[in-house]
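FYI, the numbering for the sequence shown is 340 to 601, going by this note's numbering.
These notes are about the structure you will find just below.
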Amino acid sequence: MLWDVDYTLVGADGLGTRLYEVVFREMFGRELTEVAPKAGRTDRAIVGDTLALAGVARTEVDAFLAALARVAADGAVPGPVRPLPGAASAVAALAAAGIRQSVLTGNVRPLAEEKLRRAGLGAGLDLDAGAYGDVHEVRAELVTAARCAARRVYGLDFPGEATVLVGDTPLDVAAALATGARAVAVATGSYPAADLAAAGAHVVLPDLTDTARVVAAVTGVLLCPVTPRLPGSRVSTAGAGRPSRGGGAPWPPRRQSRRAAT
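As structure tokens, then:
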């Protein structure tokens with residue numbers, strides 16, 4: 340399964356924006372006055388639009404992303420990052436259930452790592468099996484990247500609903516639906532539960548504080564959203580998919596801690 344980071348697992352209180360400001364000042368010798376909309380988007384998309392707003396050519400995106408990764412890895416830009424309520428318990432419970440967990444985040448990897456480190460949430464997440472915001476402007480493309488990374492790490496494929504995305508925006512939901520993955524949405528960011536259900540999430544949770552409900556949502560035991568769907572929206576009746584070998588045949592269920600990972 341793949342966690343979004345910002346406002347799903349952590350609240351970073353503007354750390355990413357401060358890093359953008361530091362990098363922009365370093366590269367262009369002036370202050371950044373406006374950052375493009377960020378919710379649910381990747382750093383590659385956000386940086387491109389932010390530079391355009393500042394009158395800077397998009398050809399500078401790769402250089403900006405590289406500088407952003409370097410400054411984030413330094414860890415010198417101050418700012419508290421807090422785990423959201425229930426996040427640590429949810430990650431621990433899913434790990435105990437044998438679920439393989441990583442992240443699918445709009446952040447470049449060093450920034451995601453720094454946020455998780457400051458929030459104390461690194462344990463239980465295999466960051467080598469995730470995907471990060473420098474890969475593509477379109478979030479759905481990160482799902483493909485994460486599946487390729489997971490195949491390298493585990494020697495298994497995670498097709499269809501054997502991949503589960505957990506996030507707080509309609510773009511998280513859209514990325515899951517566009518790639519056949521299960522979408523578990525949490526109303527812990529700027530979007531209410533009704534918006535996330537209308538986007539087509541298979542399950543919508545108010546937050547991560549009910550650990551048993553989180554595990555049920557990820558594994559496919561919980562199939563109904565907490566808010567009514569709009570007419571015509573899709574409802575999944577399938578449980579969580581199982582990973583397969585490279586040939587695509589279903590991977591047999593495991594017992595207890597060896598259950599099929601999502």
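Cβ coordinates follow ideal geometry from the N, Cα and C atoms, glycine included.
**Asked** Exposed or buried, Arg439, counting other C-beta atoms within 10 Å across all chains shown (16 or more means buried)?
**Response** Looking up residue 439 in the sequence shown gives position 100. Arg439 should be labelled buried.
**Prompt:** Does the pairing of the region 509-525 with the region 472-481 give three or more beta-carbon distances under 8 Å?
**Reply:** Yes, the region 509-525 touches the region 472-481.
**Prompt:** Looking at C-alpha atoms only, which residue of Gly539, Tyr471, Gly437 is the closest neighbour of Leu510?
**Reply:** Counting from one through the sequence shown, the residue named residue 510 turns up at place 171. The candidate whose alpha carbon is nearest that of Leu510 is Gly539.
**Request:** Kindly confirm or deny that the region 346-354 and the region 385-404 touch, where touching means at least three C-beta pairs closer than 8 Å.
**Result:** Contact between the region 346-354 and the region 385-404 is absent, because fewer than three Cβ pairs lie under 8 Å.
**Item:** Sub-7 Å separation of Ala408 and Val447 beta-carbons
**Value:** One-based indexing of the sequence shown puts residue 408 at position 69. One-based indexing of the sequence shown puts residue 447 at position 108. A contact, by the Cβ cut-off of 7 Å.
**Message:** Pop quiz: Leu520 and Val503 are said to be a contact at Cβ under 8 Å. What is the actual Cβ separation, rounded to whole angstroms?
**Reply:** Sequence index remark: in the sequence shown, residue 520 carries index 181 (1-based). Sequence index remark: in the sequence shown, residue 503 carries index 164 (1-based). Just to set this straight, residue 520 is Ala in the shown sequence, not Leu. Contact flag correct, Cβ pair sits at about 6 Å.
**Item:** For Val395, the three-state DSSP class (helix, strand or coil)
**Value:** Here residue 395 refers to the residue found at position 56 when the sequence shown is read from its first residue. Assignment of Val395 by DSSP, reduced to helix, strand and coil, places it in the coil class.
**Request:** Alpha carbon to alpha carbon, how far is Ala431 from Leu466? Give it in angstroms, no decimals.
**Result:** As a position in the sequence shown, residue 466 is number 127, starting the count at 1. As a position in the sequence shown, residue 431 is number 92, starting the count at 1. Whole-angstrom Cα-Cα distance: 15 Å.
**Request:** Would you give the residue range spanned by the beta strand (DSSP E) that Leu460 belongs to?
**Result:** By 1-based counting over the sequence shown, the position of residue 460 is 121. Here Leu460 belongs to no beta strand (DSSP E), and DSSP marks it neither H nor E.
**Prompt:** Ordered along the chain, which non-local residues of its own chain (more than five positions away) have a Cβ less than 7 Å from that of Thr508?
**Reply:** As a working note, residue 508 is residue 169 in the sequence shown. Hits under 7 Å: Ala378, Gly379, Gly528, Tyr530.
**Prompt:** What first and last residue would you give for the beta strand (DSSP E) that runs through Leu544?
**Reply:** Taking the sequence shown and counting its residues from 1, one reaches residue 544 at position 205. Annotation for Leu544: the continuous beta strand (DSSP E) segment containing it runs 542-544.
**Prompt:** Using the C-alpha atoms, what's the distance from Ser428 back to Ala384?
**Reply:** Taking the first residue of the sequence shown as 1, we reach residue 384 at position 45. Taking the first residue of the sequence shown as 1, we reach residue 428 at position 89. The alpha-carbon atoms of Ala384 and Ser428 are separated by roughly 32 Å.
**Message:** What does the Cβ neighbour count give for Asp413, buried or exposed, with the cut at 16 atoms within 10 Å?
**Reply:** Here residue 413 refers to the residue found at position 74 of the sequence shown. With fewer than 16 Cβ atoms within 10 Å of its Cβ, Asp413 is classed as exposed.
**Candidates Thr550, Val543, Tyr359: closest to Ala388 by CA position** = In the sequence shown, residue 388 corresponds to position 49, counting from 1. The question names Ala, yet the displayed sequence has Asp at residue 388. The shortest CA-to-CA distance from Asp388 to any of Thr550, Val543, Tyr359 is the one to Tyr359.
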